[in-house]
Amino acid sequence: MSAQSPSSHEIAVCRGVEAQTNCRFAMPMEPSLVAGIASAVGESGWPDFLRAHVVGPILHHHAFRIAVAACPNGCSRPHVADVGIIRACIPALDPEPCTSCRLCQKTCPDGAIVMDTNGPIFDYSQCMRCGLCVARCPERALDCSQSGFRVVLGGKLGRHPRLATEVVGIHPAECLPAMVAQCLDFYMQQYRKGLRFGTLMEEQGETLIEALENS
Ligand code: SF4
Ligand code: SF4
Ligand code: SF4
47 MSAQSPSSHE IAVCRGVEAQ TNCRFAMPME PSLVAGIASA VGESGWPDFL
97 RAHVVGPILH HHAFRIAVAA CPNGCSRPHV ADVGIIRACI PALDPEPCTS
147 CRLCQKTCPD GAIVMDTNGP IFDYSQCMRC GLCVARCPER ALDCSQSGFR
197 VVLGGKLGRH PRLATEVVGI HPAECLPAMV AQCLDFYMQQ YRKGLRFGTL
247 MEEQGETLIE ALENS
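As structure tokens, this is what we get:
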């Protein structure tokens with residue numbers, strides 16, 4: 047895991063994001079994604095805003111933290127970041143080439159697959175969108191019906207820890223910089239001394255999440 051550390055924000059990425067071949071769980075993603083998110087933070091005005099609102103040096107707890115993970119194992123800790131971005135794939139079956147070999151069922155870490163006479167059936171309430179079954183199928187009978195990213199907001203550690211809240215849906219990579227910018231815009235509009243983004247999410251998170259889900 048590594049992190050870029052400009053003083054106003056941090057972007058933590060798992061080693062599967064850095065080089066997908068470094069981790070067998072990593073799903074493919076555009077190498078330019080993290081740079082695009084970093085640009086969106088800069089263009090949002092957040093670095094200058096923070097500099098203008100903090101007396102003295104900008105410290106670690108002032109930084110807006112973004113974490114990107116190439117699978118739901120979340121080694122970059124997206125659920126305790128201000129914005130967590132998690133690669134996701136919703137699996138779907140093409141029954142024609144399926145030989146009912148059960149490899150997908152044996153591969154699934156979450157028990158989200160049961161077999162019937164036509165092949166696998168997915169329990170999407172248990173499925174973590176990891177894509178392992180899709181990668182494992184020898185017949186290419188599985189593919190992602192939706193491929194993109196989960197987005198979770200407002201996680202934090204510290205004295206009052208909080209797990210991030212999920213924005214419903216699988217979000218395309220090209221939408222992520224704008225979503226991060228929208229979060230920062232909301233934060234800057236509501237900002238008061240000492241307010242952490244996770245606390246703002248506790249107070250007014252529904253407003254932001256509704257706006258993101260409708261944008
Ligand atoms: S989050 Fe997933 S892809 Fe990234 S390093 Fe951890 S296990 Fe590998
Ligand atoms: S791994 Fe592929 S071929 Fe085997 S049961 Fe699953 S979908 Fe069918
Ligand atoms: S995507 Fe992952 S969790 Fe979902 S059914 Fe496939 S292997 Fe299981």
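Counted the way my numbering counts, the sequence shown spans residues 47 to 261.
Cβ coordinates follow ideal geometry from the N, Cα and C atoms, glycine included.
Taking the DSSP output, what are the residues bridged to Leu199?
The partner list for Leu199 (beta bridge, DSSP) reads Val129 and Thr211.
Segments of 4+ residues assigned as alpha helix (DSSP H) that fall wholly inside the segment 47-133
Within the segment 47-133, the complete alpha helix (DSSP H) runs of at least 4 residues are 61-64, 79-90 and 92-99.
Would you say the beta carbon of Arg61 is closer than 7 Å to some non-hydrogen atom of ligand 1?
Yes, the Cβ of Arg61 comes within 7 Å of a heavy atom of ligand 1.
Just grab the DSSP bridge partners of Leu139 for me.
Paired residues: Leu188.
With DSSP run on the structure shown, which of helix, strand or coil describes Pro223?
In the structure shown, Pro223 sits in a helix (DSSP, three-state: H, G or I).
Confirm, please, whether the CB-CB distance from Gly120 to Ala210 is below 8 Å.
One thing to note: Ala210 has its Cβ no nearer than 8 Å to the Cβ of Gly120.
Thinking C-alpha only, which one of Val213, Pro155 and Pro218 is nearest Ala257?
For Ala257, the closest of Val213, Pro155 and Pro218 by C-alpha to C-alpha distance is Val213.
Taking Pro118 as the reference, which of Ala98, Asp156 and Cys150 has the closest Cα?
Measuring from the Cα of Pro118, the nearest candidate turns out to be Asp156.
Measuring straight from C-alpha to C-alpha, what distance separates Gly215 and Cys176?
Pairing Gly215 with Cys176, the inter-Cα distance amounts to about 14 Å.
In its own chain, which residues sit with a C-beta less than 6 Å from the C-beta of Leu230, not counting the 5 before and 5 after it?
The answer, listed in chain order, is Ser90 and Trp92.
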